[in-house]
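To start, the structure under review is shown below, and the notes come after it.
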Amino acid sequence: MKRATVTVTHELGLHLRAAARLVQETGRARSAVRIGANDNMVDGKSLLGITSLLAAQGTELVVEAEGPDEDAVVARVVALVERGFTEPA
Amino acid sequence: MPAAPGVAWGPLWRPTRAPVEAARVATARATARAALAGDAPLVEVHRLLVDDPVLINAVNEHILSGETAERALAAASGALLDAALPGRAPASEEARAVLARLMASLPPPQPPPLPAVPVVLALLHPDPQQVLALQRVDRLLGVALAGGSPRSHTALLAAQLGVPASTGLGAGLAAVPAGVAVRLDGDAGTLTLDAAEAPPRPRWSAPVPGFAVRVAIAAPEQVEDAIAVGAEGVGLLRTCAAWTPAGAPDRAAWEARLGAAAAALGDRPLVVRTFDRAPGRRERGPALLEAPQTRALMEAAAAVGATVVVPAVSSPDEVRAARRAVRGGTPVGVMLETPLAVWRADALLAQADLALVGSNDLVHLLSGVDRDAAPTAGLRDAGAALDDVYARLAGAATRAGRPVFAAGADATRPETARALRALGYAGVVVPPRAVASVRSALVPGLLDMPPGEP
C-alpha cells in the first residue's frame, strides 16, 4: 500500500469541482483509493464521499492506494492538490 | 400484531425482487450516462455521480432489502437530505438531481415473479402490489409482514381480500428460509414454523336476527367463500383490481362474472362498488363514474340485478349521476368515508338507497395519520371519534328511512359490531373469515355446525 499526505492550498478548500477533478483522477486508477482528513477516511472514487470530508484550506489530506498502480495514483493526486486542482502546466 | 383474521398454512414465499430491480437501476444508469453529453463542469459532476460507489451502494442496500427501484432511489435521496451539511450541500444537491434523473430513466416496473403453488407471502416492507399479484393468480394464503401496522395498506388489503395477515413480526422474518411450511395466525398475530397441521374448513355460522353480516370480497368468484361461511350476501364487491387501463372495457365479461355470482347467491344481495381508484389516475370513485370502464361495470351490475355503491361520495349530485348511469330500478348506495360525507349525510341519504360506512378511510382522514404509519395516539383518538360518527350516521339513516352498514377493519371488532347493532345499523360488511367471529360476538354460543352435520 502506498500512503502520502498533502495540504489543501486552494482558498475554497476541496470544493465540488475540485473534488470532481480528483475523482476523475482516482476513477481512472486500477488500485483502490482512500482519501481522508481529520481521521475520517472515505472511498477516494466517490464524489459524495470526498465532499463529505469538508476539507477547507490548510487541511492535511491523507491519500492511500492499494493495487497495481498505487504509486502512480498517489503521486497524481498529491500533485493535483498541490497545484490547486488546475490542469498540469 | 393481528392484522387480518384467520389462519393459513403453507410454504413461506419471499418475493425475489432484488435482481429485477437492480437491473432496472442499471438500465437507468446507462440511459442517464448516455444522456450526459459534453464537458461542462456540472455535466462531469453528474457523470461522476451516476457511477459514484457511495451513492450506488446506498441505493443497492435498499434494493437488497426487498424494495422497488423507485423506493430505493427515493430513500437514498431522502438520506442525502438528512445528511446535508453546509460544506457538503453542493454534492448532496447534485446527487439528488442525479437520483431524480435515474428515477425518470427507470424502465417500466416488471411484474414480480410468482410462486407455482399457493403460499404465505413474507414481506419485509409493505408492498400491496405483491399481495395483489399473488391474489390475482390465486396463490395467496396469507401475508406475514416484518414491519408496518395493522392499518397499513398492505395489511388492510389482506383483510379486504379475506386473507389472514400478521404485522410487526420483526426483522427475524428475513431469517425464515423460503419454502418451509409455516402457520400464520392472523388472530394471534403470529407466524410459526409448523408443517404438521392441516388447514381447517371455513366455519359456517348461523345468522343473527335483525343484524345482517355480509361479506366484502375482491372478485365475483369469491362469492363461494361468502356462501361457505353462511354470510347474508355480498355487502361489498371491490372491483379496483379489475380496472383495465385502456381499450374496450368488456361489459359482457362483467355481466357473465356478476351474473354467475348473483345466481350462486340466489335471493341474497350482491352489492357492487364502482371503481374507487384506478392505476395512474389521481381521481377517486365519483370522478371515475364517467369512465367507460365504470359504465361497463355499472351496466352489467344493473343487468344482473345487483346494487351499485359509489365510493368516496361527497355530494348529492354524484349520487344522482350514478343513478342516471344505471337507469332503471337498480338500487344505488353510497360509501360514507370522508368527513365531508359525514357532514352531509342527510343530503346524501335522501338520494341513496343504502349507505355503507367506510371505516378505514374515515380513520385515516379523521386522524391525518398515514395508513402505512405505525399505530399512534392519533389513530386511537380517531377510533373514539369514529364511534361518534357511527352514531351520527345511524341518526341520518333513521331520518331518511335507509339501511346503513359499516365496513372496514373496525367493523370486524366485536365491540364495534355490538355498538352498531345497538345503534340500529342494518349490519356489517366483513371479510369471509370474520363472519363467524362477528356473529359469535353478537350472540355468544350461537356458532352452529355446518348445515347437514348435526
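So the sequences go chain by chain: V and S. Count the first sequence with the numbering used here and you get residues 65 to 153, in order. Count the second sequence with the numbering used here and you get residues 892 to 1345, in order. Every residue, glycine too, gets a C-beta built ideally from N, C-alpha and C. Keep in mind the model is a prediction, meaning the values are calculated, not measured.
Interface flag, Leu940 (chain S) vs chain V, CB-CB below 8 Å: Here residue 940 (chain S) refers to the residue found at position 49 of the second sequence. With its beta carbon less than 8 Å from one in chain V, Leu940 (chain S) belongs to the interface.
contact_flag[the stretch 1236-1248 of chain S, the stretch 1273-1292 of chain S] where n(CB pairs < 8 Å) is 3 or more: Using a C-beta cut-off of 8 Å, the stretch 1236-1248 of chain S makes contact with the stretch 1273-1292 of chain S, since at least three inter-stretch Cβ pairs fall below that distance.
Contact with chain V by Glu952 (chain S), beta-carbon distance below 8 Å: One-based indexing of the second sequence puts residue 952 (chain S) at position 61. Chain V, which has no Cβ nearer than 8 Å to the Cβ of Glu952 (chain S), makes this no.
Residue closest to Leu1256 (chain S), alpha-carbon to alpha-carbon, out of S:Leu1231, S:Ala1241, S:Gly1077, S:Ala1046: Translated into positions along the second sequence, residue 1256 (chain S) becomes position 365. Taking each of S:Leu1231, S:Ala1241, S:Gly1077, S:Ala1046 in turn and checking the Cα distance to Leu1256 (chain S), the smallest one comes out for S:Leu1231.
Cβ of Thr115 (chain V) within 8 Å of any chain S Cβ: Along the first sequence, read from residue 1 onward, the residue named residue 115 (chain V) stands at position 51. Yes, Thr115 (chain V) lies at the interface with chain S (some Cβ there is under 8 Å from its Cβ).
Through-space distance from Asp1244 (chain S) to Ala1056 (chain S), alpha-carbon basis: Locating residue 1056 (chain S) in the second sequence gives position 165, where the first residue counts as 1. Locating residue 1244 (chain S) in the second sequence gives position 353, where the first residue counts as 1. Here the alpha carbon of Ala1056 (chain S) sits roughly 34 Å from the alpha carbon of Asp1244 (chain S).
8 Å contact criterion, which Cys1131 (chain S) and Asp1078 (chain S) should meet: CB distance rounded: Position 240 of the second sequence, counted from the start, is the residue given in the question as residue 1131 (chain S). Position 187 of the second sequence, counted from the start, is the residue given in the question as residue 1078 (chain S). Contact between Cys1131 (chain S) and Asp1078 (chain S) is ruled out by a C-beta separation of about 26 Å, above the 8 Å threshold.
Contacting residues, own chain, Cβ-Cβ under 7 Å from Pro893 (chain S) (five flanking each side not counted): As a working note, residue 893 (chain S) is residue 2 in the second sequence. Here the set comprises Pro1041, Ser1057, Gly1077, Asp1078, Ala1079, Gly1080.
Identity of the residues DSSP links to Ala1035 (chain S) by a beta bridge: As a first step, residue 1035 (chain S) is located in the second sequence; it is residue number 144 there, counting from the start. By DSSP's assignment, Ala1035 (chain S) forms a beta bridge with S:Ala1013, S:Ser1057.
Contacts around Ala1035 (chain S), its chain only, beta-carbon distance under 8 Å, and the 5 residues preceding and following it disregarded: Position 144 of the second sequence holds residue 1035 (chain S). Correct list, in chain order: Leu903, Val1011, Leu1012, Ala1013, Leu1014, Ala1056, Ser1057, Leu1060, Leu1064, Val1073, Leu1075, Leu1082.
CB-CB length for Gln121 (chain V) against Thr73 (chain V), believed under 8 Å: Counting from 1 along the first sequence, the entry for residue 121 (chain V) is found at position 57. Counting from 1 along the first sequence, the entry for residue 73 (chain V) is found at position 9. Your pair Gln121 (chain V) and Thr73 (chain V) checks out as a contact, with CB atoms roughly 7 Å apart and the cut at 8 Å.
Whole-angstrom distance between Ala928 (chain S) and Glu985 (chain S), CA atom to CA atom: Taking the first residue of the second sequence as position 1, residue 985 (chain S) is located at position 94. Taking the first residue of the second sequence as position 1, residue 928 (chain S) is located at position 37. If you take the alpha carbons of Glu985 (chain S) and Ala928 (chain S), they lie about 16 Å apart.
Within chain V, the residues that Asp943 (chain S) reaches when beta carbons sit closer than 7 Å: For the purposes of this step, residue 943 (chain S) is identified with residue 52 of the second sequence, where counting begins at 1. Close partners of Asp943 (chain S) in chain V (Cβ separation under 7 Å): Ser110, Leu111, Leu112.
Nearest residue (CA-CA) to Ser1331 (chain S), options S:Ala1287, S:Tyr1316, S:Thr1303, S:Leu1314: Position 440 of the second sequence, counted from the first residue, corresponds to residue 1331 (chain S). It is S:Thr1303 whose Cα lies nearest to the Cα of Ser1331 (chain S).
Below-8 Å beta-carbon distance, Val87 (chain V) vs any chain S residue: Translated into positions along the first sequence, residue 87 (chain V) becomes position 23. Yes, contact with chain S.
Nearest to Pro1100 (chain S) (by Cα), restricted to the options S:Ala1152, S:Ala1122, S:Val950: For the purposes of this step, residue 1100 (chain S) is taken as residue 209 along the second sequence, with counting starting at 1. Each of S:Ala1152, S:Ala1122, S:Val950 was checked against the Cα of Pro1100 (chain S), and the nearest Cα belongs to S:Ala1122.
Proximal chain S residues relative to Leu80 (chain V), where beta-carbon distance stays under 8 Å: What you label residue 80 (chain V) is simply residue 16 of the first sequence in a count that begins at 1. The contacting residues are Val936, Pro981, Ala982, Glu985.
Candidates S:Ala914, S:Arg1164, S:Val1054: closest to Arg1030 (chain S) by CA position: Taking the second sequence and counting its residues from 1, the one referred to as residue 1030 (chain S) is at position 139. Considering only alpha carbons, the answer is S:Val1054.
Pairwise C-alpha distance: Leu1227 (chain S) and Val864 (chain S): What the structure shows of chain S is the stretch from 892 to 1345, and residue 864 (chain S) is not part of that stretch, so it cannot be assessed.
CB contact check: Leu946 (chain S) to chain V, cutoff 8 Å: Looking up residue 946 (chain S) in the second sequence gives position 55. It does; some Cβ of chain V falls within 8 Å.
Three-way DSSP call (helix, strand, coil) for Arg1210 (chain S) in this model: Sequence index remark: in the second sequence, residue 1210 (chain S) carries index 319 (1-based). Before going on, a small fix: residue 1210 (chain S) reads as Val here, not Arg. Val1210 (chain S) falls in the helix class under three-state DSSP.
Short CB-CB distance (under 8 Å) between Asp103 (chain V) and chain S: Within the first sequence, numbered from 1, the residue matching residue 103 (chain V) stands at position 39. Under the Cβ distance rule, Asp103 (chain V) does not count among the residues neighbouring chain S, no pair being separated by less than 8 Å.
Every unbroken beta strand (DSSP E) within the stretch 1180-1251 of chain S, with a cutoff of 3 residues, ordered by chain: Within the stretch 1180-1251 of chain S, the complete beta strand (DSSP E) segments at least 3 residues long are 1198-1201, 1223-1227, 1245-1249, listed from N- to C-terminus.
Burial state of Asp1301 (chain S) (16 or more Cβ within 10 Å): Residue numbering aside, residue 1301 (chain S) sits at position 410 when the second sequence is read from its first letter. Around the Cβ of Asp1301 (chain S), a 10 Å sphere holds 16 or more other Cβ atoms; the residue is buried.
Start-to-end residues for the alpha helix (DSSP H) that takes in Val941 (chain S): Counting from one through the second sequence, the residue named residue 941 (chain S) turns up at place 50. Annotation for Val941 (chain S): the continuous alpha helix (DSSP H) segment containing it runs 932-941.
Cβ-based burial, Met65 (chain V) [other Cβ within 10 Å; buried from 16]: The count along the first sequence starts at 1 and reaches residue 65 (chain V) at position 1. So Met65 (chain V) ends up on the exposed side.
Contacting residues, own chain, Cβ-Cβ under 7 Å from Asp1151 (chain S) (five flanking each side not counted): Here residue 1151 (chain S) refers to the residue found at position 260 when the second sequence is read from its first residue. First, the amino acid is wrong: residue 1151 (chain S) is Ala here, not Asp. Correct list, in chain order: Pro1111.
Minimum C-alpha distance to Ala1169 (chain S) - residue among S:Val1162, S:Val1163, S:Pro1177: As a first step, residue 1169 (chain S) is located in the second sequence; it is residue number 278 there, counting from the start. Residue S:Pro1177 is the option with its Cα nearest to Ala1169 (chain S).
Pair within 8 Å by beta-carbon distance, Val1217 (chain S) and Val1199 (chain S): Numbered from its first residue, the second sequence carries residue 1217 (chain S) at position 326. Numbered from its first residue, the second sequence carries residue 1199 (chain S) at position 308. Yes, the Cβ-Cβ distance between Val1217 (chain S) and Val1199 (chain S) is below 8 Å.
Neighbour flag for Ala83 (chain V) against chain S, beta carbons, 8 Å: The residue given as residue 83 (chain V) occupies position 19 in the first sequence. Taking Cβ atoms only, chain S reaches closer than 8 Å to Ala83 (chain V), which makes this a yes.
Cβ-Cβ distance between Ala1317 (chain S) and Ala1103 (chain S) below 8 Å: Here residue 1317 (chain S) corresponds to residue number 426 of the second sequence, with the count starting at 1. Here residue 1103 (chain S) corresponds to residue number 212 of the second sequence, with the count starting at 1. Yes. Within cutoff.
Whole-Å CB distance - Val1320 (chain S) paired with Leu1253 (chain S), under 8 Å assumed: The residue you call residue 1320 (chain S) lines up with position 429 of the second sequence. The residue you call residue 1253 (chain S) lines up with position 362 of the second sequence. Contact doesn't hold; Cβ gap of about 14 Å is too wide.
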